[in-house]
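Quick note on my numbering: the sequence shown kicks off at 7 and runs consecutively. Glycine is no exception: its CB is placed at the ideal position from the N, C-alpha and C atoms. None of the values given here were measured: they were computed from a predicted structure.
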Amino acid sequence: MKYLSTRGDQAERHFCDILLEGLAPDGGLYLPTSYPQIDAAMLARWRGLSYADLAFEILSLYIDDIPAADLKAIAHRTYTEAVFGTPQITPLKPLEPGLALVALSNGPTLAFKDMAMQLLGQLFEYELQRRGETLNILGATSGDTGSAAEYAMRGKAGIQVFMLSPHGRMSPFQQAQMFSLQDPNIHNIAVQGVFDDCQDIVKAVSNDLAFKRGHRIGTVNSINWARLLAQVVYYFAAYFQATKTDGERVSFTVPSGNFGNVCAGHVARMMGLPIQRLVVATNENDVLDEFFRTGVYRPRGAAHTLETSSPSMDISKASNFERFVFDLLDRDGDRVKRLFGEELASNGFFEITAEERARIGERYGFVSGRSTHEDRVATIRLCHQQYGVVIDTHTADGLKVALAKREPGVPMLVLETALPAKFAVTIEEALGIVPPRPAALDDLESRPKRVSVMPVSVDQVKQFIVDHV
Ligand SMILES: *Cc1c(COP(=O)(O)O)cnc(C)c1O
């Protein structure tokens, strides 16, 4: 299996060539040259597998430069009951016949990003050791991604993490989650500014190519292909739990921000998994819903990005979306390059043709909807009253849209992207109760913290890295 760029660069690369990379050199995103096709016999064989063995089978179709025994060991080290809490790893939580949540949030940081990041940690450690190299991961976070990355990379040989976050602007729970890590290879830097300042510092350091090379700086952003690939696995795992035979169709609803999670569903569907609909649920930051309704993609500036009670979906542009558009436009890399390059730069938006718009639903199964704070609160209440299940705000956005888009006879599976304990304020608003938290995290906020506070200064961050590598 080889990989190419969505912007027309045809130079083919193997999996491990792109594992440690971000964007392709032409600014595009990496995708496989074609999607491996699964048939009825494969589905039947996979139905009985453990999550780790299923992950191994799916990864094997996309990775031909790691020996099978090693890849199998990596999958088994990653997807354990000890880390994810249950032998199924992603169990279904039935709400009523034909409606269930897919529990993706029982990893160390209580959000679905652990599903991919934990695998990435193992793959990075493996590949760096094989090459005899080290890597210093530099990132900016307003909460979720940073903590998932730190928990995935803690204690990994040859890897250090430098994670910038806006000082005093994360929830006490999120701060405690990150700052309580005592591993010597994890460095928390609280910048006296806002999230955008953190991101600007990361960009400035990465744009200093001499520094970047000299200090082996890398990233773990959401456009990494390995992260997306890891997420394909749970669509299969959920399908097997929701169906009895291999022809049955199901639909998925996915609370979406950067389009990484639902793009993995698209890949699973392109491989031949019998998915009827892929429902994209957004919050008030509805760039994606607008596209799926109108065919117009119009990223927003920071000033037009709203702060909502489902903050992990507060995005201005959907960084993985280009992958779907590449497939939608029959893999015309030159056109994708024009749309995401010149057109966005000069017009601030692009529009696809009516014929292409028709394909979104007909050929690719996509529909969409949006949810607001009021919807979220009402849906958290409804889910609690009707089913006795407490859900988080992002999952509530998903459930709200799922209820509107489900079809008779087709089971609807809603991806649970975080546990309610992470977003306690809105849960209290909706239900008047403090959401339960896993017992192991009872004392989280009172644990000793390891963090360096710094002004908004590229030079001081660089110096900190120099002093610690
Ligand atoms: C990251 C995140 C999302 C959005 O996922 P994308 O892959 O960016 O679409 C939704 N919910 C939660 C809780 C998240 O952390």
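Beta-carbon gap between residue i and residue j smaller than 8 Å
i, j, result
"isoleucine 44", "methionine 277", "yes"
"proline 426", "proline 444", "no"
"glycine 14", "glycine 339", "yes"
"phenylalanine 168", "leucine 26", "no"
"aspartate 320", "asparagine 353", "no"
"arginine 306", "phenylalanine 355", "no"
"lysine 428", "serine 186", "no"
"leucine 279", "tyrosine 240", "no"
"glycine 145", "threonine 251", "no"
"isoleucine 143", "isoleucine 165", "yes"
"alanine 436", "arginine 387", "yes"
"leucine 450", "glutamine 183", "yes"
"glycine 104", "proline 261", "no"
"phenylalanine 298", "lysine 468", "no"
"serine 374", "aspartate 465", "no"
"serine 66", "leucine 49", "no"
"threonine 259", "valine 420", "yes"
Between the CA atoms of residue j and residue i - distance to the nearest angstrom
i, j, result
"tyrosine 85", "valine 302", "39 Å"
"glycine 263", "valine 108", "18 Å"
"phenylalanine 372", "leucine 334", "11 Å"
"glutamine 282", "arginine 255", "6 Å"
"leucine 170", "serine 458", "10 Å"
"proline 100", "alanine 106", "4 Å"
"isoleucine 397", "glutamine 94", "20 Å"
"leucine 272", "isoleucine 64", "Here residue 272 turns out to be histidine, not leucine, going by the sequence shown. Roughly 15 Å separates the two Cα atoms."
"threonine 115", "serine 463", "29 Å"
"alanine 402", "alanine 430", "13 Å"
"alanine 163", "histidine 390", "44 Å"
"proline 97", "proline 31", "39 Å"
"methionine 176", "glycine 149", "6 Å"
"methionine 123", "tyrosine 9", "21 Å"
"glutamate 313", "phenylalanine 62", "39 Å"
"glycine 394", "arginine 136", "49 Å"
"arginine 412", "alanine 270", "20 Å"
"histidine 474", "aspartate 189", "13 Å"
"threonine 300", "leucine 35", "24 Å"
"valine 200", "glycine 438", "31 Å"
"alanine 384", "asparagine 289", "14 Å"
"alanine 408", "proline 414", "12 Å"
"proline 317", "threonine 378", "12 Å"
As assigned by DSSP and simplified to three states, the class of residue i
i, result
"proline 190", "coil"
"threonine 251", "coil"
"glycine 220", "helix"
"lysine 323", "coil"
"glutamate 435", "helix"
"tyrosine 68", "helix"
"lysine 99", "strand"
"aspartate 205", "Here the sequence assigns glutamine to residue 205, which means aspartate is not the residue at that position. Glutamine 205: helix per DSSP, three-state reduction."
"phenylalanine 168", "strand"
"isoleucine 24", "helix"
"alanine 30", "coil"
"leucine 37", "strand"
"serine 316", "coil"
"tyrosine 57", "helix"
"serine 452", "helix"
"valine 482", "With the chain running from 7 to 475 in the structure shown, residue 482 is simply not present."
"valine 238", "helix"
"valine 197", "strand"
Start-to-end residues for the alpha helix (DSSP H) that takes in residue i
i, result
"glutamate 18", "It is not in any alpha helix (DSSP H) - glutamate 18 carries neither H nor E in the DSSP assignment."
"threonine 300", "293-300"
"phenylalanine 470", "464-474"
"leucine 284", "Not the alpha helix (DSSP H): leucine 284 falls in the beta strand (DSSP E), residues 281-288."
"methionine 184", "178-185"
"leucine 425", "First-last for leucine 425: undefined, no H or E at that position."
"leucine 77", "74-84"
"valine 89", "87-90"
First and last residue of the uninterrupted beta strand (DSSP E) at residue i
i, result
"threonine 259", "256-261"
"leucine 116", "Careful: leucine 116 lies outside any beta strand (DSSP E) and carries neither H nor E."
"methionine 276", "Unbroken run through methionine 276 is the alpha helix (DSSP H), 266-277; no beta strand (DSSP E)."
"leucine 105", "105-109"
"leucine 49", "Premise fails: leucine 49 lies in the alpha helix (DSSP H), 46-52, not in any beta strand (DSSP E)."
"valine 459", "458-460"
"leucine 10", "9-11"
Test: residue i CB closer than 8 Å to a CB of chain D
i, result
"arginine 137", "No chain D is part of this structure, which consists of one protein chain only."
Contiguous alpha helix (DSSP H) assignments of at least 4 residues, all confined to the region 334-420
With a minimum length of 4 residues, the continuous alpha helix (DSSP H) runs that stay inside the region 334-420 are 339-344, 350-353, 360-368, 379-393 and 399-411.
Within the region 133-162, note down every full alpha helix (DSSP H) run reaching 4 residues or more, in order along the chain.
Within the region 133-162, complete alpha helix (DSSP H) segments of at least 4 residues are found at 150-159, given in chain order.
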